[in-house]
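Report on one structure; see the data block that follows.
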């Protein structure tokens, strides 16, 4: 933890189906496409003082479908695409593992694959994040589970796999929002209520 710096709240974002249109095992820059309104929503989080951290399970690496370098290149592209909107991601955390389908060094039972909280806990340590005032937003039950396990408030968006995933989640597990822009609106309204 960085000494002498007060802890900040973060919004942890899943990537596929939350930030960008869900495309199975997305790894090519030319296939990347923002969900409508997402760049502006991320800018609003930046302006409100939240750290914006992407946490993404990338089992396609474990399965040998594409190398980790392809994921990192896609993240550089994502960041470049946000720049014209005055928006940015503060950090990216990637889990390239899978306990059954992984190949070689990537076939392990890890703590970073969501629904475990490893990526969020690592980010909290490295960036001085106050987890209790932070949020985890994603389109899968695993995102909700990781957020709860890390001590964040979870939100489920209904883009990507969100609609079908919501059917298997109890209503009390997480509020459901139509998409990331609506989730950001909800987060900012809750932050405003906390301050008033």
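In our numbering, the protein residues as written are 5 to 200.
The beta-carbon is built from N, C-alpha and C at its ideal position, and this holds for glycine as well.
Asked, Found
"Pick helix, strand or coil for residue 79, following the three-state DSSP scheme.", "helix"
"Let me know the alpha helix (DSSP H) ranges lying completely inside the region 115–160, each 4 residues or longer, listed in chain order.", "122–131 and 145–154"
"Quick one: residues in its chain with C-beta nearer than 8 Å to the C-beta of residue 199, no 5 flanking neighbours on either side, listed in chain order?", "none"
"Report the three-state DSSP secondary structure of residue 107 (helix, strand or coil).", "coil"
"On the three-pair Cβ rule with 8 Å, is the region 173–188 touching the region 117–135?", "no"
"Excluding sequence positions up to five away, which residues of its chain have a Cβ less than 8 Å from the Cβ of residue 4?", "Absent from the model: residue 4. The displayed extent of the chain is 5 to 200, so no value can be given."
"May I ask you to list the residues that DSSP assigns as paired with residue 60?", "98"
"Would you mind working out which of 189, 119 and 103 sits nearest residue 18, comparing C-alpha positions?", "119"
"Roughly how many angstroms lie between the CA atoms of residue 121 and residue 154, to the nearest whole one?", "5 Å"
"Ordered along the chain, which non-local residues of its own chain (more than five positions away) have a Cβ less than 6 Å from that of residue 109?", "none"
"Identify the continuous beta strand (DSSP E) that holds residue 17 and give its terminal residues.", "14–17"
"In chain order, which beta strand (DSSP E) runs of at least 3 residues are fully inside the region 18–74?", "55–61"
"Hey, how far is the Cα of residue 141 from the Cα of residue 148?", "7 Å"
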